[in-house]
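Participant: Sending over a structure as structure tokens; questions will come in a sec.
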Amino acid sequence: MARNEVRVSPLWAQPCRAYNVQIELDPRTKSSLEKIQQSLKQAEPNLLVCPKKTLHVSVAWLLAVHASYAVPKDSLWERHAEEWTAELTRIAAQSPGFRITYEHVVATDSAVIALAQPGEPVNRIREMIRERLRLPSETCNEADLVHTTLFRYRGALSDPETFLARLDGDMSADATAEVNELVVSRELVYPSLETERLRRLPLASR
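Counting from 2, one number per residue, gives the positions in the sequence shown under this note's numbering.
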């Protein structure tokens, strides 16, 4: 990243297909993250802004956007939806609601993300999904960060030193989200520019 070696997002705004488990953010949290986006976008024109309505936390992939499967993803979903949804409903019911707080904004080689803490509640759910859902081998869930993607890259940064200095300076993310449910969604346009909510999975009362 320091050498401006960014990965451009070739799928941006392209039709896609994926089935995901995610956390939808409340309007107040989205507005707080949008303010950060507006500030950073002024400093760097080669950023692709993830629209406010799309901001979320990815928990796990069921059928991943970047993976190829031997059978069409929609067919796989039709085959396994009942089984996977039943197990996800049980996992959610065994997981108390929680709160996450966004603390930092960081740039990776593929995106600019807002990091949230604590990671433990989300990672416990991720572990249960890995252990209890029989997902295709092509689906690889190894994430341990809790984050929301704010930007992807249109091209190399025009002034990486200034941009990174701005991130290191006053770009602390000050937003807290209450998480009371998980959502299963079908992704239609990358990256979540168009989605279809399939299921809401309530978490246990705290």
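Idealized CB from N, CA, C, for every residue including glycine.
Between Ile114 and His148, what straight-line distance do the alpha-carbon atoms span, to the nearest angstrom?
Facilitator: Roughly 6 Å between the two C-alpha positions.
Participant: Find the nearest neighbour of Glu182 within the set Tyr20, Pro46, Leu168 and Ile24, judged by alpha-carbon distance.
Facilitator: Out of Tyr20, Pro46, Leu168 and Ile24, Ile24 has the C-alpha closest to the C-alpha of Glu182.
Participant: Per DSSP, what are the beta-bridge partners of Phe164 in this structure?
Facilitator: Per DSSP, none; premise fails for Phe164.
Participant: With distances taken between CB atoms, is the gap from Val106 to Leu151 smaller than 9 Å?
Facilitator: Cβ distance < 9 Å, so Val106 and Leu151 count as in contact.
Participant: Expressed to the nearest angstrom, what Euclidean distance is found between the alpha-carbon atoms of Ala174 and Ile37?
Facilitator: For Ala174 and Ile37, the distance between alpha carbons rounds to 7 Å.
Participant: In the structure shown, what three-state DSSP assignment does Thr90 receive?
Facilitator: The answer is helix: DSSP assigns Thr90 an H, G or I state.
Participant: Using DSSP with H/G/I as helix, E/B as strand and the rest coil, what is Asn124?
Facilitator: Reduced to three states, the DSSP call for Asn124 is helix.
Participant: Am I right that Thr140 and Leu204 are in contact with their C-beta atoms under 8 Å? What's the rounded C-beta distance?
Facilitator: Rounded, the Cβ-Cβ distance is 23 Å, inconsistent with contact.
Participant: Return yes when the Cβ of Leu89 is within less than 9 Å of the Cβ of Val22, no when it is not.
Facilitator: Yes, the pair counts as a contact, with Cβ atoms nearer than the cut-off.
Participant: Is Tyr154 closer than 9 Å to Ser111 when the C-beta atoms are compared?
Facilitator: Yes. Within cutoff.
Participant: Kindly identify the DSSP beta-bridge partner or partners of Arg153.
Facilitator: DSSP lists Leu49 and Ala112 as partners of Arg153.
Participant: List the DSSP bridge partners of Ser186.
Facilitator: Asn21 and Arg198.
Participant: By the three-class DSSP mapping on this structure, what secondary structure does Ala176 have?
Facilitator: Here Ala176 sits in strand by DSSP.
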